[in-house]
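Before any comments, here is the structure.
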Amino acid sequence: MRINVFTKVATVVALLFAFSLLTSCQSKEEKVISQMESLCKTVEKDSFDVKDIDALKAKFDAITETAKDCDFTNEQLKEVAQLSARFTKAITKKALERVGSAVDGILEGLSGEE
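If you read the sequence shown in the working numbering, its first letter stands for residue 36, the second for the next number, and so on.
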């Protein structure tokens, strides 16, 4: 049993080490793009909760602030713009889904009282 736990811990440590090596080799611009991509994937997940919007917006704003100091190529600028639009679209879609659910609940409540 100890060996099994040790193996799991060693695997997690190895994965974290490998991830840190990969990200440390990235340029500042590549890190910003990677962070934006990761944020987009998080928002697009079905398990994403609307309660998390403020925290995700704050993280996106921090990434955007970091991006101001970057020297992007034209190709990277296009990618950043696409990711920014993708993030905004995903956040808006989730917010609208939440509003739609609330309106449906209100309408069901009103129709049930008649």
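Glycine included, C-beta positions come from ideal geometry on N, C-alpha and C.
- Taking a 10 Å sphere around the C-beta of Leu112, we find fewer than 16 other C-beta atoms and assign the residue as exposed.
- With a threshold of 16 other beta carbon atoms within 10 Å, Lys129 meets it and is buried.
- Thr108 carries a coil assignment under DSSP once its states are collapsed to helix, strand and coil.
- Between Gln61 and Ile98, the gap from beta carbon to beta carbon reaches 8 Å or more.
- Between Thr123 and Val67, the gap from beta carbon to beta carbon reaches 8 Å or more.
- Per DSSP, the continuous alpha helix (DSSP H) segment holding Ser73 begins and ends at Lys63 to Glu79.
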